[in-house]
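Protein chains in written order, with this note's numbering: chain Z, 81 to 361; chain D, 81 to 361. Backbone N, C-alpha and C define an ideal beta-carbon position, used for all residues, glycine too. Note that this is a predicted model, so its numbers are computed, not measured.
Set out below in structure tokens:
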């Protein structure tokens with residue numbers, strides 16, 4: 081009765097039956113894009129933003145999207161109705177398809193699948209520690225499946241007792257493997273990197289939520305600016321905002337979550353509530 | 081009767097039945113390594129080198145190899161016997177496994193599968209044109225499945241009527257997406273990049289075959305050195321040696337395959353013949 085139901089190439093089927101021929105260059109060559117959203121009371125929160133980004137990722141890898149945006153909405157609607165839980169993750173995956181020469185893009189396989197998630201925080205989560213690492217994702221504006229470095233660095237993250245790893249390059253810090261970073265600098269300006277980042281949907285919401293609260297800048301942020309920030313936080317689809325008080329064992333600000341993180345968390349939660357109330361299929 | 085037979089996690093099965101649950105982080109996160117060899121008269125040519133590189137790739141991504149080297153040899157032996165053709169490709173694929181959180185490495189899935197290939201050239205193939213592109217693979221010493229850029233650049237390769245694309249960075253040229261590069265410089269020295277390259281098995285054989293023929297150096301090669309080379313060629317498991325006479329529309333050397341390419345092709349073919357004659361399971 082409480083089976084998770086997925087959708088693959090036009091067919092609804094139990095999640096555990098979703099299999100893919102291994103000749104798909106998604107698997108043989110890592111050639112695939114995806115996206116991930118979350119439902120709240122069976123409403124896909126900020127659906128339009130996720131659909132648009134998914135479409136942009138597909139276009140960047142020159143993959144043909146098999147469904148129109150309206151058809152995607154219809155599948156999402158039915159999938160959401162079919163799930164046993166009103167709060168779920170939904171993953172979109174579009175692969176390069178079955179390829180005879182294992183190299184040429186073919187007809188993509190599209191899979192939309194439910195993902196059980198923990199309850200989303202209703203108050204600002206506890207502060208965490210992060211570490212930094214010199215790396216920049218390839219095609220960072222594309223949500224490709226390429227997470228080799230993030231997964232490889234998990235041992236370092238665990239060894240440091242950290243929550244996640246923040247990438248940086250000569251241009252400054254950029255992003256976490258699966259989320260974005262914000263700082264509040266000593267002048268009270270909210271800043272987030274503009275380049276070499278995936279433009280997160282929560283990131284966008286936070287920028288909007290900060291209007292009338294404090295100045296916002298999208299700009300390069302050096303490691304030194306990071307270390308000397310008054311506040312740092314992570315933005316993520318599943319956690320909204322997570323305060324950071326330790327970076328590479330340096331204490332940030334007062335060593336506890338700051339007022340901006342609390343205020344933006346509440347504003348973000350309110351924006352989500354508004355979206356859920358007003359959402360129509 | 082002439083079905084291709086693969087091996088997956090201990091089971092021999094028809095190739096078209098090899099499917100993988102989509103929860104494998106090989107597909108969801110591009111977290112997998114592979115390798116590819118070729119058989120000649122049912123002998124897996126230079127088997128030890130491919131097995132060693134596959135093991136090293138797995139270790140670099142912290143994936144546990146489910147089989148010992150001897151067990152791998154046993155599977156390869158049986159697979160080679162089962163194929164309808166005596167000349168085949170064999171692909172090894174090791175994935176990060178089914179992962180509940182779609183992020184943590186689990187028990188890997190190991191697949192060894194036959195790949196139909198065209199007959200291998202017995203004389204030096206015709207010369208080709210290549211283009212160059214500024215890019216460096218992540219973890220270049222690892223044969224990961226990450227070919228996003230190589231596949232994405234196929235349109236540029238086709239538009240330029242070229243055979244392949246050679247990556248370069250500030251350190252100079254490095255490699256093609258699936259093969260290595262050599263030049264013979266104006267002083268008659270055979271050179272191949274040392275850094276940011278996958279150490280090809282054919283590359284290694286060419287270096288060995290060149291002994292007593294001309295001096296060999298593994299070193300950085302600038303784009304200018306490439307353009308002014310007397311000879312350029314590609315080394316590859318399936319084509320052995322492919323001469324290059326056009327790079328970004330610049331004519332290389334005399335505009336036709338050079339003597340070193342011919343000589344090394346013959347030496348490489350002889351080394352393969354020796355290997356096949358002496359091979360024992």
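| With respect to 8 Å, is the separation between the Cβ of residue 297 of chain D and the closest non-hydrogen atom of the ligand FAD below this value? | The ligand FAD is not part of the structure shown, which contains no ligands of any sort.
| query | Looking at residue 303 of chain Z and residue 208 of chain Z, is the spacing between their C-beta atoms short of 9 Å? | reply | Within the first chain, residue 208 of chain Z is the residue found at index 128, counting from 1. Within the first chain, residue 303 of chain Z is the residue found at index 223, counting from 1. Not a contact, by the Cβ cut-off of 9 Å.
| said: So, at 7 Å on beta carbons, what are the nonlocal neighbours of residue 317 of chain D in its own chain, with the 5 sequence-adjacent residues on each side left out? | reply: Position 237 of the second chain holds residue 317 of chain D. The answer, listed in chain order, is 116, 117, 118, 281, 282.
| said: When you compare the CB of residue 195 of chain Z with every CB in chain D, is at least one pair closer than 9 Å? | reply: The sequence position of residue 195 of chain Z within the first chain is 115, counting from 1. Answer yes: the Cβ-Cβ gap between residue 195 of chain Z and chain D drops below 9 Å somewhere.
| task | Taking residue 225 of chain Z as the query, report the chain D residues whose CB atoms sit under 8 Å from its CB, ordered along the chain. | result | Here the question's residue 225 of chain Z lines up with position 145 in the first chain. Per Cβ cutoff of 8 Å: 107, 108, 109, 110.
| What residues in the stretch 173-204 of chain D have a beta carbon less than 8 Å from any beta carbon of chain Z? | 173, 175, 176, 182, 183, 184, 185, 191, 193, 195
| field | Whole-angstrom C-beta distance between residue 113 of chain D and residue 141 of chain D, which should lie under 8 Å | value | In the second chain, residue 141 of chain D corresponds to position 61, counting from 1. In the second chain, residue 113 of chain D corresponds to position 33, counting from 1. That belief holds up - the Cβ atoms of residue 141 of chain D and residue 113 of chain D are roughly 6 Å apart, short of 8 Å.
| task | Would you kindly work out how many angstroms separate the C-alpha atoms of residue 347 of chain D and residue 357 of chain D, rounded to a whole number? | result | To locate residue 347 of chain D, count along the second chain from 1; it is residue 267. To locate residue 357 of chain D, count along the second chain from 1; it is residue 277. Going by the C-alpha atoms only, they are around 15 Å apart.
| Would residue 315 of chain Z pass as a contact of residue 349 of chain Z if the rule is Cβ separation under 9 Å? | Position 235 of the first chain holds residue 315 of chain Z. Position 269 of the first chain holds residue 349 of chain Z. Cβ atoms of residue 315 of chain Z and residue 349 of chain Z: not closer than 9 Å.
| said: List, in chain order, every chain Z residue whose beta-carbon is nearer than 8 Å to that of residue 228 of chain D. | reply: Taking the first residue of the second chain as position 1, residue 228 of chain D is located at position 148. Those within 8 Å of residue 228 of chain D in chain Z are 109, 110, 111, 141, 218, 219, 224, 226.
| query | Quick one: is residue 232 of chain Z near chain D, going by C-beta distance under 9 Å? | reply | Position 152 of the first chain, counted from the start, is the residue given in the question as residue 232 of chain Z. So yes, residue 232 of chain Z belongs to the interface.
| Within chain D, the residues that residue 99 of chain Z reaches when beta carbons sit closer than 8 Å | Stepping through the first chain from its first residue, residue 99 of chain Z is reached at position 19. Under the 8 Å cutoff, chain D gives 99, 100, 101, 102.
| task | State the CB to CB distance for the pair residue 249 of chain Z and residue 216 of chain Z, rounded to an integer number of angstroms; the pair is presumed to be in contact (CB under 8 Å). | result | Position 169 of the first chain, counted from the first residue, corresponds to residue 249 of chain Z. Position 136 of the first chain, counted from the first residue, corresponds to residue 216 of chain Z. Right, the Cβ-Cβ distance comes to about 5 Å (below 8 Å), so this counts as a contact.
| request: Would you give the residue range spanned by the alpha helix (DSSP H) that residue 342 of chain Z belongs to? | output: One-based indexing of the first chain puts residue 342 of chain Z at position 262. Here the alpha helix (DSSP H) through residue 342 of chain Z covers 339-358.
| query | Cβ of residue 358 of chain Z less than 9 Å from any chain D Cβ? | reply | Within the first chain, the letter at position 278 stands for residue 358 of chain Z. By this cut-off, residue 358 of chain Z is not an interface position.
| request: Go ahead and label residue 227 of chain Z buried or exposed: buried means 16 or more other beta carbons lie within 10 angstroms of its beta carbon, across all protein chains shown. | output: Residue 227 of chain Z sits at position 147 when you count from the first residue of the first chain. So residue 227 of chain Z ends up on the buried side.
| query | For residue 183 of chain Z, which option in Z:123, Z:84, Z:285, Z:106 has the closest C-alpha, if you only look at C-alpha atoms? | reply | Stepping through the first chain from its first residue, residue 183 of chain Z is reached at position 103. Nearest C-alpha to residue 183 of chain Z: Z:106.
| chain D within 9 Å of residue 163 of chain Z, Cβ atoms only | Along the first chain, read from residue 1 onward, the residue named residue 163 of chain Z stands at position 83. Residue 163 of chain Z does not count as touching chain D.
| Where DSSP assigns a beta bridge to residue 320 of chain Z, which residues make up the other side? | In the first chain, counting from the first residue as 1, residue 320 of chain Z sits at position 240. Residue 320 of chain Z pairs with Z:316.
| said: I need the straight-line Cα distance from residue 191 of chain D to residue 175 of chain Z, nearest angstrom please. | reply: Here residue 191 of chain D is taken as the residue at index 111 of the second chain, counted from 1. Here residue 175 of chain Z is taken as the residue at index 95 of the first chain, counted from 1. Using only the alpha carbons, I get a separation of about 19 Å.
| field | DSSP bridge partner residues for residue 99 of chain Z (one or two, in chain order) | value | Locating residue 99 of chain Z in the first chain gives position 19, counting from the first residue. Residue 99 of chain Z is bridged to D:101.
| residue 110 of chain D and residue 224 of chain Z: beta carbons closer than 9 Å? | Position 30 of the second chain, counted from the start, is the residue given in the question as residue 110 of chain D. Position 144 of the first chain, counted from the start, is the residue given in the question as residue 224 of chain Z. Yes, Cβ-Cβ distance for residue 110 of chain D and residue 224 of chain Z is below 9 Å.
| task | Measure the C-alpha to C-alpha separation of residue 299 of chain Z and residue 233 of chain Z and round it to an integer number of angstroms. | result | Locating residue 299 of chain Z in the first chain gives position 219, counting from the first residue. Locating residue 233 of chain Z in the first chain gives position 153, counting from the first residue. For residue 299 of chain Z and residue 233 of chain Z, the distance between alpha carbons rounds to 26 Å.
| field | Beta-carbon contacts of residue 352 of chain Z that lie in its chain and below 6 Å, excluding the five residues immediately before and after | value | Here residue 352 of chain Z corresponds to residue number 272 of the first chain, with the count starting at 1. Excluding sequence neighbours, residue 352 of chain Z sits near 125.
| Where do the ends of the beta strand (DSSP E) carrying residue 262 of chain D lie? | As a first step, residue 262 of chain D is located in the second chain; it is residue number 182 there, counting from the start. Per DSSP, residue 262 of chain D belongs to the beta strand (DSSP E) from 260-264.
| said: Please report whether the beta-carbon of residue 96 of chain D lies at a distance below 9 Å from any beta-carbon of chain Z. | reply: For the purposes of this step, residue 96 of chain D is taken as residue 16 along the second chain, with counting starting at 1. It does: the Cβ of residue 96 of chain D has a partner Cβ on chain Z nearer than 9 Å.
| task | Report the neighbours of residue 235 of chain Z on chain D: residues whose CB is nearer than 8 Å to its CB, in chain order. | result | As a position in the first chain, residue 235 of chain Z is number 155, starting the count at 1. What residue 235 of chain Z touches in chain D: 142.
| message | If contacts are defined as beta-carbon pairs under 8 Å, then residue 163 of chain Z and residue 84 of chain Z qualify, I think. What distance do you get, rounded to the angstrom? | response | Here residue 163 of chain Z refers to the residue found at position 83 when the first chain is read from its first residue. Here residue 84 of chain Z refers to the residue found at position 4 when the first chain is read from its first residue. Confirmed, Cβ separation roughly 6 Å.
| query | Under a three-way DSSP split, which group does residue 145 of chain D fall into? | reply | Position 65 of the second chain, counting from 1, holds the residue named residue 145 of chain D. Residue 145 of chain D falls in the coil class under three-state DSSP.
| task | Have a look at Z:241, Z:333, Z:87, Z:337 and flag the residue whose alpha-carbon is nearest the alpha-carbon of residue 305 of chain Z. | result | Against the first chain, residue 305 of chain Z aligns to sequence position 225. Checking every option, the nearest Cα to that of residue 305 of chain Z belongs to Z:333.
| Is the shortest distance between the beta-carbon of residue 81 of chain Z and the beta-carbons of chain D less than 9 Å? | On the first chain, residue 81 of chain Z is found 1 positions in, with the first residue counted as 1. At residue 81 of chain Z, the pLDDT of 49 sits below 50, so the modelled position is not reliable; the number obtained from the coordinates is stated separately. Not one chain D Cβ lies under 9 Å of residue 81 of chain Z.
| query | Rounded C-beta distance between residue 261 of chain D and residue 246 of chain D? I'm assuming under 8 Å. | reply | Working through the second chain from its first residue, we reach residue 261 of chain D at position 181. Working through the second chain from its first residue, we reach residue 246 of chain D at position 166. Between residue 246 of chain D and residue 261 of chain D the Cβ distance is about 6 Å, and since that is below 8 Å, they are a contact.
| request: Specify the secondary structure class of residue 137 of chain D as computed by DSSP and reduced to three states. | output: Against the second chain, residue 137 of chain D aligns to sequence position 57. Three-state result, residue 137 of chain D: helix.
| message | Would residue 210 of chain D and residue 242 of chain D qualify as a contact pair, given that the criterion is a beta-carbon distance under 9 Å? | response | Here residue 210 of chain D is taken as the residue at index 130 of the second chain, counted from 1. Here residue 242 of chain D is taken as the residue at index 162 of the second chain, counted from 1. Yes, the Cβ-Cβ distance between residue 210 of chain D and residue 242 of chain D is below 9 Å.
| said: With the cut-off set at 9 Å, would you say residue 257 of chain D and residue 231 of chain D are in Cβ contact? | reply: Locating residue 257 of chain D in the second chain gives position 177, where the first residue counts as 1. Locating residue 231 of chain D in the second chain gives position 151, where the first residue counts as 1. Closer than 9 Å, so yes.
| Which listed residue (D:265, D:220, D:355) has its alpha carbon closest to that of residue 285 of chain D | The sequence position of residue 285 of chain D within the second chain is 205, counting from 1. The residue with the shortest Cα to Cα distance from residue 285 of chain D is D:355.
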